[in-house]
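Some notes on the structure that comes next.
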Amino acid sequence: MNQLSDRINNLSTSATLAMAAKARELRAEGKDIIGLSLGEPDFNTPDFVKEAAIKAVDDNYNSYTPVDGYVELKDAIITKFKRDNGLDYSRSQIVVSTGAKQALFNIASVMLNDGDEVILPCPYWVSYADIVKLNGGVPVEVKTAISNDFKMTADQLRAAITPKTKMIWYSSPCNPSGSVYSKDELRAIADVLQDFPNIHVVSDEIYEHINFIGGHHSMAQFDDMYDRTITVNGVSKAFAMTGWRIGYIGAPEWIARACNKMQGQVTSGANCIAQRAVIAALEADPSEIQYMIDEFKERRQLILGLLDDIEGFKTNEPEGAFYVFPNVSSYFGKTIKGKTINNATDMSLFLLEEALVATVTGEAFGNPDCIRISYAASQEQIIEAVKRIKEALS
Ligand code: PMP
Ligand code: GLU
12 MNQLSDRINN
22 LSTSATLAMA
32 AKARELRAEG
42 KDIIGLSLGE
52 PDFNTPDFVK
62 EAAIKAVDDN
72 YNSYTPVDGY
82 VELKDAIITK
92 FKRDNGLDYS
102 RSQIVVSTGA
112 KQALFNIASV
122 MLNDGDEVIL
132 PCPYWVSYAD
142 IVKLNGGVPV
152 EVKTAISNDF
162 KMTADQLRAA
172 ITPKTKMIWY
182 SSPCNPSGSV
192 YSKDELRAIA
202 DVLQDFPNIH
212 VVSDEIYEHI
222 NFIGGHHSMA
232 QFDDMYDRTI
242 TVNGVSKAFA
252 MTGWRIGYIG
262 APEWIARACN
272 KMQGQVTSGA
282 NCIAQRAVIA
292 ALEADPSEIQ
302 YMIDEFKERR
312 QLILGLLDDI
322 EGFKTNEPEG
332 AFYVFPNVSS
342 YFGKTIKGKT
352 INNATDMSLF
362 LLEEALVATV
372 TGEAFGNPDC
382 IRISYAASQE
392 QIIEAVKRIK
402 EALS
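Residue numbers (the working numbering): 12 to 405.
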């Protein structure tokens, strides 16, 4: 008998992490898998950040930290928000968490009552829907079109709002589509929200620096949105620090205080050494990490060019992050190498088994016509992976 809670029984496994685990398993069996499933930079954490961590160990930073983060880290975050985003936050508006993932979980748990609706422009990052559901909320998917670079329009937003709408969550640059909302596009969304003063916005900006077109815009930059926007960010992507697990928010004080209270009962403060290291990361000029962005930009051009050659893959040009999100629906219903591909999950499994390339099904991101390919891998791996995909499908 299944004695687990309904809560866990109704939860999906994170598709990104599941695919990474599957790839690891196959590799252990001796299969030469190219992993393009996980959204994880393949660079090392920059030396100046590592040195700050080593110093923190030597300086005996080993005690519990304040639940919402060291004051010095909060100050570095405040400086970063001002420097990069023109946003003014005070210490009482900042909460440091164990990754942006925990920050998002905190937000859902302090904001949602059972039945509250959260609008998610689709495709959305894999964990949004489950974090919302886990906290009693109801995800409301707004389908976006590849012809509009997978961005939600103001009209689509208006049509999705109901009396139960509590929040909107989106990422820009977007995981998985790589789309970047322009200032005008955000303004159009903000204009709709003027008619609905109780709706709050989560602006997930964790890919802020991995932007190939310049011009990152935050919802909270609009004076009329500042008081109801929670800006989420972290160091996993820009500083190649996924395993260090530090994320943070800038939020209205009452929300930050609630997140602090929630975190105090769940995990306490984030890891002490990682927090000290992140002070160095955030205090550094963003030019220190430009070499990684430049490399991602080259890889994007490389993979877009290579994918162009694969019949039936329709891809938009991502403006940020490190993913491409091709529509593969032209293969649905076809049988290749004795395997019938009926949906994106079948395609992703087919590529894993026949091309030995790990991708993630778009179903996990709310779009069942696409697959996500991460190009946070070396150029050689990208070339080899696309060659294998092409061969397997031909
Ligand atoms: N938001 C988005 C859009 C992401 O892609 C991720 C995954 N890295 C996260 C949040 C969570 O990041 P982390 O917990 O590593 O800070
Ligand atoms: N966010 C990354 C991804 O989308 C890392 C995996 C995860 O946290 O789900 O692949």
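C-beta: ideal position from N, C-alpha, C; glycine also. Bear in mind that the values here come from a model prediction, so they are computed numbers and not experimental data.
Query, Result
"Go through its chain and collect everything with a Cβ distance to P208's Cβ below 8 Å, but skip five positions before and after it.", "R239"
"For ligand 2, is there a heavy atom less than 7 Å away from the beta-carbon of W136?", "yes"
"Give the secondary structure of P443 by DSSP, where H, G and I count as helix, E and B as strand, and everything else as coil.", "The first residue shown for the chain is 12 and the last is 405, placing residue 443 beyond what the model contains."
"Going by C-alpha distance, which of C283, N327, N146, M30 is nearest S158?", "N327"
"Please find out if some non-hydrogen atom of ligand 2 comes closer than 7 Å to the beta-carbon of G377.", "no"
"Taking the straight line between their C-alpha atoms, what separation do you get for V107 and K85?", "8 Å"
"What would DSSP say about A369, mapped onto helix, strand or coil?", "strand"
"Rounded to the nearest angstrom, how far is the Cβ of E83 from that of A387, given a contact under 8 Å?", "Not quite, the Cβ-Cβ distance comes to about 30 Å (not below 8 Å), so this is no contact."
"Check each residue's C-beta against every heavy atom of ligand 1 and list, in chain order, those closer than 6 Å.", "G50, G110, A111, K112, W136, S182, N186, D215, I217, G245, S247, T253, G258"
"May I ask you to report which of helix, strand or coil DSSP gives D195?", "helix"
"Excluding the 5 residues preceding and the 5 following A87 in the sequence, name in chain order all residues of the same chain whose CB lies nearer than 6 Å to its CB.", "I290, L293, E294"
"For Y75, count neighbouring Cβ atoms within 10 angstroms of its own Cβ and tell me buried if that reaches 16, exposed if not.", "exposed"
"In chain order, what residues of the same chain lie with their CB nearer than 6 Å to the CB of Q167, ignoring the 5 residues before and after it?", "V153"
"Please state if the CB of L22 and the CB of L123 are separated by a distance shorter than 8 Å.", "no"
"Opposite T164 in the DSSP bridges: which residues?", "Answer by DSSP bridge pairing: none, since T164 is not bridged."
"Can you tell me where the alpha helix (DSSP H) holding R18 begins and where it ends?", "17-20"
"When you compare only the Cα positions, how much space is there between K175 and A29?", "32 Å"
"Just verifying my parser: in three-state terms, what is the DSSP assignment at W255?", "helix"
"Restricting to runs no shorter than 3 residues, where is the beta strand (DSSP E) found entirely within the stretch 170-222?", "176-182, 211-215"
"I want to see whether chain D comes within less than 8 Å of V137, judged by CB atoms only; does it?", "The chain labelled as chain D is not found in the depicted structure, where only one protein chain is given."
"When burial is assigned at 16 or more other CB atoms within 10 Å of the CB, is I224 buried or exposed?", "exposed"
"In the DSSP assignment, what residue or residues form a beta bridge with Y334?", "S385"
"What are the boundary residues of the alpha helix (DSSP H) that I65 is part of?", "58-69"
"With a CB to CB cut of under 7 Å and the five nearest residues on each side skipped, what residues in its chain are close to A355?", "V339, T372, G373, E374, P379, D380, C381, I382"
"Exposed or buried, what is T351 when buried is set at 16 or more other beta-carbons lying within 10 Å of its beta-carbon?", "exposed"
"What's the gap between the Cα of E306 and the Cα of I393?", "13 Å"
"Could you please give me the residues that DSSP links to C133 through a beta bridge?", "K154"
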